[in-house]
């Protein structure tokens, strides 16, 4: 479960996230959409504890990210848009390292790794140094490392970038399966089709505020459009005042 | 869903895991270096061994020379030791500050580790260890030849060496702890730009302060002959700061000195002093910095410019934004230059802007040439004493060598990676109708032009300070001009021949085969060129040199420069003309 309560994040004079309140129950697949500099990445960084909110709180699986960081992080997985991997390690070594950081038993690391590696077709690369892997393969390694400890909440920032259609499908299937089993999925993306296809609810952020939230159908109704989600997204974000030059919230 | 650790798990601690993973990374990096190129390994090995041998020889000769003055030898040797460790302490502190800041707050691993269930204290512990090692290894390498030379001149017992190593191990904890503490607090209150500017201003201030403090004094021949002790006392007073008893470098120097002299109780006292401080500050770092580190890391991730709180800064930023829409001062100057095509101008403008906005680049250049400038300006104090033509002759060639060595450091560090740094931008620069060979030629012209202004300026200044005649000034000016073009051509050419288009970090590009090769070739070239020019100088101690000797030396110098600069540049230009990317 994710719970953001009156979250505010300011960078000097700029308000990157403005009074954001949101509750995502266990097992929900939530997609966060928004134009560039809407405050999505800032929200994610607060949620995973990389930055402190100016005001408000963020809870992961019932634990306050700032007050009980370790408890929250044990239940959380995060895949950033440009994941860091140790270049000189092999994927197997990296996955084992991640499992050990989460204090998983060796047998469990092996079992979970084998299952995920098989699904993402990573066997041929398990013994090769990560530095020699393609962008897509590195992304698959990062995703497997995030899923390994069976988190209660997973936060993904543009996870499909670099994945080929086959592995994008695999990821979607796994996320759907896990969310049915109780894992909360929080995904930030610009690919509206993914949100439309996968998400139980979609949130749209603009200029630091959550301007709309609901199912695809509800968003269409709210925007007064009938076609694809794109129409609703454009209508909802166009209705807002364009950001003033020089006061655009850039991802720090 | 499983959230807690598996019941039966006996996992190593997070710190041990991090140490293990990073040790494996480094070891594989070393192995990879060996597998990639034996020539590179041999070159690096040769270079390191050469440095160690040369510095040992110089330290040994220097200490023996200093020790040979009857009655004063011991005082001089002692002061040299204290002074050297005090200077190295300052350098270590600065190095730890910069490396800790980068390693803690501008590092992908930190951002990766922070959302994981690892206490910030553990992440800080690992980063503290890593920064200490990164900042201090060069220190150990630098002082090893000195300590061996010191041990040999003092005829110490074998146990002096392991004890000294142990003392140094304790000593490096102190600047490391101070550097990390400063880095965390500076990161919390200064943004990156403000931090860089502050660090640079501090370095320049220190430089200026040192230049002012160590200004030479005029000593008459009479004073030198009759009042040696008084003169020496005056000179040594300037270095008194090295013997301030609260400086950790004082404890190290005193410990080493006492042990060498067989005063074991005194040495033990200083060893315990170092040990207690290392333990105290080390344990503070290991137990008390986690929260401060997390707050600083969160602030660094959150912040725009810290200066934005002031209205003048916001106004200035707004005005800069407005300027950007127009031509800009630099572009207006370049547009004024005749015969510069618009596409080449755009490229030159881009390179100049990137250089100016990267504080590290101009900061290092400023410090290196600033140091040389301070030294050269101070030469005027010596010119009265340099009545012997031999010393004037020697100093002028040493200046030529020093200027070229400074330039070689900068061409390898900044000019060599220029082509590789275009790697991820080749989709625009490489596909432009300009052509990659013209891109490379423009980079060569820009780098040579800019560095020529500095090197030629310094050489003329040096000649004027030494009161050389204009023909001699022109002679040295011509020599440094040729060397400037050669060193730039070598760096640009090798940079294109050994590109690393995947890497964005210039220091990693430079540490590859091509960068090391460039540095070694540059240094060898400088040594051979300066020796050739000195041997073939038209002015000798015994009068004018025969014309054919001067001509031969210059022919050889030009041939060497032409081949070492021209050939790699030509090969590089040819390579990029058909470059596949």
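Protein chains in written order, with this note's numbering: chain A, 1 to 252; chain B, 1001 to 1581.
Think of the CB as a built atom: it goes at the ideal place given N, C-alpha and C, for glycine as much as any other residue.
Would you kindly check if the distance between the Cβ of residue j and the Cβ of residue i is under 7 Å?
i                       : j                       : result
residue 1134 of chain B : residue 1172 of chain B : no
residue 195 of chain A  : residue 202 of chain A  : yes
residue 1476 of chain B : residue 1459 of chain B : yes
residue 151 of chain A  : residue 67 of chain A   : no
residue 164 of chain A  : residue 81 of chain A   : no
residue 1400 of chain B : residue 1365 of chain B : no
residue 942 of chain B  : residue 1413 of chain B : Since the first and last residues shown for chain B are 1001 and 1581, residue 942 of chain B lies out of range.
residue 20 of chain A   : residue 192 of chain A  : no
residue 1550 of chain B : residue 1538 of chain B : yes
residue 175 of chain A  : residue 161 of chain A  : no
residue 1178 of chain B : residue 1092 of chain B : no
Any beta carbon of chain A sitting closer than 7 Å to that of residue i?
i                       : result
residue 1194 of chain B : no
residue 1013 of chain B : no
residue 1293 of chain B : no
residue 1112 of chain B : yes
residue 1023 of chain B : no
residue 1117 of chain B : yes
residue 1106 of chain B : no
residue 1298 of chain B : yes
7 Å is my cut-off, CB to CB: does residue i come that close to chain B?
i                      : result
residue 101 of chain A : yes
residue 97 of chain A  : yes
residue 70 of chain A  : yes
residue 78 of chain A  : yes
residue 84 of chain A  : yes
residue 176 of chain A : no
residue 180 of chain A : no
residue 130 of chain A : no
residue 220 of chain A : no
residue 74 of chain A  : yes
residue 52 of chain A  : yes
residue 19 of chain A  : no
residue 88 of chain A  : yes
Could you check which residue in the options has the C-alpha nearest to that of residue i?
i                       : options                        : result
residue 1287 of chain B : B/1166, B/1121, B/1160, B/1459 : B/1121
residue 12 of chain A   : B/1389, B/1358, B/1302         : B/1302
residue 1579 of chain B : B/1501, B/1515, B/1540, B/1533 : B/1501
residue 1455 of chain B : B/1487, B/1165, B/1027, B/1424 : B/1487
residue 1517 of chain B : B/1012, B/1015, B/1013, B/1045 : B/1045
residue 54 of chain A   : A/60, A/45, A/61               : A/45
residue 1406 of chain B : B/1356, B/1344, B/1061, B/1527 : B/1527
residue 1156 of chain B : B/1264, B/1548, B/1028         : B/1264
residue 1102 of chain B : B/1186, B/1023, B/1316, B/1243 : B/1186
residue 208 of chain A  : A/102, A/141, A/32, A/103      : A/32
How is the alpha helix (DSSP H) around residue i delimited, first residue to last?
i                       : result
residue 187 of chain A  : No alpha helix (DSSP H) holds residue 187 of chain A; the beta strand (DSSP E) holding it covers 184-188.
residue 1480 of chain B : 1470-1497
residue 3 of chain A    : Not the alpha helix (DSSP H): residue 3 of chain A falls in the beta strand (DSSP E), residues 2-11.
residue 198 of chain A  : 192-198
residue 214 of chain A  : Residue 214 of chain A -> not in any alpha helix (DSSP H); beta strand (DSSP E) instead, spanning 209-214.
residue 282 of chain A  : Nothing about residue 282 of chain A can be read from this structure; chain A reaches only from 1 to 252.
residue 81 of chain A   : Careful: residue 81 of chain A lies outside any alpha helix (DSSP H) and carries neither H nor E.
Can you give me the C-alpha to C-alpha distance between residue i and residue j, rounded to a whole angstrom?
i                       : j                       : result
residue 100 of chain A  : residue 106 of chain A  : 8 Å
residue 64 of chain A   : residue 1095 of chain B : 38 Å
residue 74 of chain A   : residue 1131 of chain B : 27 Å
residue 1293 of chain B : residue 1575 of chain B : 48 Å
residue 1557 of chain B : residue 1204 of chain B : 36 Å
residue 1503 of chain B : residue 1419 of chain B : 11 Å
residue 1335 of chain B : residue 1347 of chain B : 12 Å
residue 1125 of chain B : residue 118 of chain A  : 36 Å
residue 1329 of chain B : residue 1363 of chain B : 21 Å
residue 1490 of chain B : residue 1572 of chain B : 9 Å
residue 1017 of chain B : residue 1119 of chain B : 13 Å
residue 1142 of chain B : residue 1398 of chain B : 22 Å
residue 1242 of chain B : residue 1087 of chain B : 8 Å
What residue range is occupied by the uninterrupted beta strand (DSSP E) comprising residue i?
i                      : result
residue 30 of chain A  : 29-33
residue 19 of chain A  : 14-24
residue 201 of chain A : 201-206
residue 157 of chain A : 153-157
residue 59 of chain A  : 55-60
For residue i, is the beta carbon positioned less than 6 Å from some heavy atom of the ligand SAH?
i                       : result
residue 1488 of chain B : With respect to small molecules bound, the structure shown includes none, and the ligand SAH cannot be examined in it.
Handout entry: Where the segment 38-49 of chain A meets chain C: residues whose CB sits under 8 Å from a CB there
Key = This model lacks chain C altogether; the protein chains it does include are A and B.
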